[in-house]
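2 protein chains.
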Amino acid sequence: MAQIQRVFAEPDQALLTLSPWKELDAPHSADLLRAGTPDMLNRGDVVDHDLGIVSFGALGIERALSNGRRVLCTLFRKGDLVDVRRTERIRQGALVALKRSSFLRLDESLTETWLTNNTDIAKTMLSQLREQFARARDHTTDLVSKTPVEKLASLLFEFRRWPETCPEDHRNNIVRIPISRSDIASYIGVKPETVSRVIKKLVREKLIIVHKQDRIYLADLPSMRRIANGGRPRQSTRQA
Amino acid sequence: MAQIQRVFAEPDQALLTLSPWKELDAPHSADLLRAGTPDMLNRGDVVDHDLGIVSFGALGIERALSNGRRVLCTLFRKGDLVDVRRTERIRQGALVALKRSSFLRLDESLTETWLTNNTDIAKTMLSQLREQFARARDHTTDLVSKTPVEKLASLLFEFRRWPETCPEDHRNNIVRIPISRSDIASYIGVKPETVSRVIKKLVREKLIIVHKQDRIYLADLPSMRRIANGGRPRQSTRQA
DNA sequence: CGACTTCTTGAGGAACGTCAACCGCAGTGG
DNA sequence: CCACTGCGGTTGACGTTCCTCAAGAAGTCG
Numbered sequence: 003m004a005q006i007q008r009v010f011a012e013p014d015q016a017l018l019t020l021s022p023w024k025e026l027d028a029p030h031s032a033d034l035l036r037a038g039t040p041d042m043l044n045r046g047d048v049v050d051h052d053l054g055i056v057s058f059g060a061l062g063i064e065r066a067l068s069n070g071r072r073v074l075c076t077l078f079r080k081g082d083l084v085d086v087r088r089t090e091r092i093r094q095g096a097l098v099a100l101k102r103s104s105f106l107r108l109d110e111s112l113t114e115t116w117l118t119n120n121t122d123i124a125k126t127m128l129s130q131l132r133e134q135f136a137r138a139r140d141h142t143t144d145l146v147s148k149t150p151v152e153k154l155a156s157l158l159f160e161f162r163r164w165p166e167t168c169p170e171d172h173r174n175n176i177v178r179i180p181i182s183r184s185d186i187a188s189y190i191g192v193k194p195e196t197v198s199r200v201i202k203k204l205v206r207e208k209l210i211i212v213h214k215q216d217r218i219y220l221a222d223l224p225s226m227r228r229i230a231n232g233g234r235p236r237q238s239t240r241q242a
Numbered sequence: 003m004a005q006i007q008r009v010f011a012e013p014d015q016a017l018l019t020l021s022p023w024k025e026l027d028a029p030h031s032a033d034l035l036r037a038g039t040p041d042m043l044n045r046g047d048v049v050d051h052d053l054g055i056v057s058f059g060a061l062g063i064e065r066a067l068s069n070g071r072r073v074l075c076t077l078f079r080k081g082d083l084v085d086v087r088r089t090e091r092i093r094q095g096a097l098v099a100l101k102r103s104s105f106l107r108l109d110e111s112l113t114e115t116w117l118t119n120n121t122d123i124a125k126t127m128l129s130q131l132r133e134q135f136a137r138a139r140d141h142t143t144d145l146v147s148k149t150p151v152e153k154l155a156s157l158l159f160e161f162r163r164w165p166e167t168c169p170e171d172h173r174n175n176i177v178r179i180p181i182s183r184s185d186i187a188s189y190i191g192v193k194p195e196t197v198s199r200v201i202k203k204l205v206r207e208k209l210i211i212v213h214k215q216d217r218i219y220l221a222d223l224p225s226m227r228r229i230a231n232g233g234r235p236r237q238s239t240r241q242a
């Protein structure tokens with residue numbers, strides 16, 4: 003028993019240092035942990051539960067379209083509340099691990115009880131959902147009318163904001179890529195080939211340097227930021 | 003004074019019959035109404051407030067990219083809680099009315115007090131945000147890898163689910179289009195010209211009939227549903 | 001080392017964006 | 001009453017872009 007406790011105590015305690023959970027009083031956060039069941043997940047594992055917290059790693063909601071098209075419509079990162087319950091049961095999609103991750107399953111009825119007795123937890127969950135909705139809007143902006151280069155640049159900055167980024171990497175403009183190339187493609191709505199070509203292009207222009215597959219150096223941060231915000235539109239068809 | 007009360011009493015009372023607000027106890031919902039300031043909005047009006055409820059009409063969050071690209075990253079419809087406050091103040095975007103609408107502004111600190119004293123309201127807001135996040139995921143799925151035809155078909159079904167749809171229209175497979183063609187375009191990430199061409203194409207195939215500009219009849223609902231769910235992928239480059 | 005998956009590179013074409021012009025309609029003013 | 005104007009929407013021609021397909025390279029695991 004003590005052993006089992008230990009197994010999840012380490013990463014799961016860590017999430018209490020993350021916003022917004024760190025704002026909770028100690029007793030509440032302890033409740034939170036005790037009520038959760040930790041799941042270790044490998045890449046590709048499907049989570050058959052729609053309420054919990056990501057202790058570490060990366061999860062996503064995956065949907066399949068005809069023609070083998072695969073869509074990643076949301077990314078959940080370390081510290082995120084995952085609450086994908088919904089009233090209308092349409093097109094739910096599967097919650098799937100994109101890399102080695104830990105998921106702290108929460109019991110639904112128990113959580114409901116908390117919400118009734120404790121407005122702090124309710125407020126914390128509200129701020130989480132609000133934040134995730136805001137991130138979804140940002141992502142939508144990326145998808146709606148940006149070019150692949152702009153989309154990828156924007157995604158790099160999103161990864162830069164992930165809590166895994168250590169302060170040193172952040173200072174040095176190093177971004178860790180937590181997911182595979184094809185997952186990136188499914189997330190930003192292009193094909194893996196295009197992701198590859200875009201990265202190659204940015205390297206050629208000396209805007210980034212790929213240290214390792216999952217480690218990219220933003221050599222020209224201002225330019226990259228400009229591109230991410232929409233600074234590289236489709237070329238006009240008419241010559242100047 | 004009585005007159006002013008009357009002005010907003012009518013549409014704003016109506017929203018209490020909508021999910022999830024209708025689940026609230028009468029005294030709480032009355033508080034909700036009293037605390038709000040109703041704003042009448044015309045198409046194009048910008049709302050400089052990030053907390054409230056849509057009494058009727060349609061609002062959207064609009065962002066501008068370089069090159070004159072305009073993005074509508076979320077739609078808010080009748081009954082929706084609009085809570086777009088966020089911790090990181092990046093790329094906020096403007097909340098703008100897409101047609102004649104009424105917005106019930108809520109006071110932030112007052113709402114905060116409610117949440118502390120009343121878990122019912124907290125739960126209601128939670129379920130609202132959860133639902134909107136779910137809708138955002140659906141929209142993301144549409145944007146990521148669907149063709150324009152699929153995107154538009156999907157949007158028609160979204161409009162069909164809007165609370166304005168009267169039961170009769172629903173039975174008769176009539177969809178009311180609440181926003182302009184160019185807003186549709188900015189929302190599904192294509193150009194107005196493409197929207198026009200797609201509609202024309204669907205009409206030619208006898209899948210829909212356009213009664214009026216803002217009234218479309220789904221002549222072949224099953225086919226349309228199939229298309230909306232991804233049934234019309236990009237044509238292969240290789241001949242069969 | 002070989003079997004495997006993931007990523008990259010290359011060629012070619014469909015598709016959607018770009019531009020420009022036109023249409024229909026509503027409001028305005030002579 | 002009609003010309004004028006402005007706006008939203010539509011149509012057509014054309015070209016860039018990114019997807020498709022296929023094959024090779026690189027990384028991963030037994």
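Respectively, the protein sequence lines represent chains A and B. Going by the numbering used here, the residue at position 77 of the first sequence is 79; the numbering climbs one at a time, nothing skipped. Going by the numbering used here, the residue at position 88 of the second sequence is 90; the numbering climbs one at a time, nothing skipped. Cβ atoms here follow ideal geometry from the backbone N, Cα and C, with glycine treated the same way.
{"Query": "Chain A contact residues for N69 (chain B), given Cβ-Cβ distances below 7 Å", "Result": "P235"}
{"Query": "Three-pair Cβ contact test at 8 Å for the region 33 to 47 of chain A versus the region 196 to 213 of chain B", "Result": "no"}
{"Query": "Local Cβ density within 10 Å of L112 (chain B), reported as buried at 16 or more and exposed below that", "Result": "exposed"}
{"Query": "C-alpha gap between L18 (chain B) and P194 (chain A), whole angstroms", "Result": "47 Å"}
{"Query": "Any C-beta of chain A under 8 Å from that of M127 (chain B)", "Result": "yes"}
{"Query": "Nearest-angstrom Cα separation, counted from R206 (chain A) out to L61 (chain B)", "Result": "43 Å"}
{"Query": "For R72 (chain A) and P235 (chain B), the rounded distance between their alpha carbons", "Result": "12 Å"}
{"Query": "Test: F161 (chain A) CB closer than 8 Å to a CB of chain B", "Result": "no"}
{"Query": "Minimum Cβ-Cβ distance from G62 (chain A) to chain B less than 8 Å", "Result": "no"}
{"Query": "Coil, strand or helix - F10 (chain A) by DSSP", "Result": "Because F10 (chain A) carries a pLDDT of 46, less than 50, the predicted location of this residue cannot be relied on, and the following value inherits that uncertainty. F10 (chain A): helix per DSSP, three-state reduction."}
{"Query": "For Y189 (chain A): DSSP bridge partner residues", "Result": "Answer is none; Y189 (chain A) lacks a bridge partner."}
{"Query": "Reduced DSSP category for L97 (chain B) - H, G, I as helix; E, B as strand; rest coil", "Result": "strand"}
{"Query": "Coil, strand or helix - L77 (chain A) by DSSP", "Result": "strand"}
{"Query": "Element boundaries [alpha helix (DSSP H), containing T143 (chain A)]", "Result": "T121 to S147"}
{"Query": "Exposure of C75 (chain B), with buried meaning 16 or more beta-carbon neighbours within 10 Å", "Result": "buried"}
{"Query": "I63 (chain B) versus L77 (chain B) - alpha carbon distance", "Result": "7 Å"}
{"Query": "Residues near I181 (chain A) in its chain [Cβ-Cβ closer than 7 Å; skip 5 each side]", "Result": "A60, L100 and K101"}
{"Query": "Extent of the continuous alpha helix (DSSP H) to which P40 (chain B) belongs", "Result": "Where P40 (chain B) is concerned, there is no enclosing alpha helix (DSSP H), although the beta strand (DSSP E) it sits in stretches over T39 to L43."}
{"Query": "Pairwise C-alpha distance: E166 (chain B) and T225 (chain B)", "Result": "This sequence places Ser at residue 225 (chain B); Thr is not what is there. Using only the alpha carbons, I get a separation of about 24 Å."}
{"Query": "Minimum Cβ-Cβ distance from F105 (chain B) to chain A less than 8 Å", "Result": "no"}
{"Query": "Inter-residue CB distance, I218 (chain A) and I210 (chain A) (contact presumed, cutoff 8 Å)", "Result": "5 Å"}
{"Query": "C-alpha gap between V86 (chain B) and K80 (chain A), whole angstroms", "Result": "23 Å"}
{"Query": "Closer than 8 Å to chain A by CB, A99 (chain B)", "Result": "no"}
{"Query": "Beta strand (DSSP E) segments (min. 3 residues) lying fully within the region 193 to 240 of chain A", "Result": "210 to 214 and 217 to 220"}
{"Query": "Nearest to L204 (chain A) (by Cα), restricted to the options A:V192, A:A155, A:V56 and A:D109", "Result": "A:A155"}
{"Query": "Three-state secondary structure assigned by DSSP to R36 (chain A)", "Result": "helix"}
{"Query": "Buried or exposed by the 16-neighbour rule on C-beta atoms within 10 Å, applied to K214 (chain B)", "Result": "exposed"}
{"Query": "6 Å CB neighbourhood of F159 (chain B) in its chain, flanking five on each side removed", "Result": "A230"}
{"Query": "Short-range partners of chain B found in the region 135 to 149 of chain A, where Cβ spacing is below 8 Å", "Result": "F135, A136, A138, R139, D140, H141, T142, T143, L145, V146, S147 and K148"}
{"Query": "Alpha helix (DSSP H) segment containing D171 (chain B), residue limits", "Result": "P169 to R173"}
{"Query": "Burial state of H141 (chain A) (16 or more Cβ within 10 Å)", "Result": "buried"}
{"Query": "Cβ pair count under 8 Å reaching 3, the region 111 to 130 of chain A against the region 110 to 124 of chain B", "Result": "yes"}
{"Query": "V86 (chain B) - DSSP class collapsed to helix/strand/coil", "Result": "coil"}
{"Query": "Check whether V84 (chain A) and V56 (chain A) have beta carbons under 8 Å apart", "Result": "yes"}
{"Query": "C-beta atoms of R132 (chain A) and L131 (chain B) nearer than 8 Å", "Result": "yes"}
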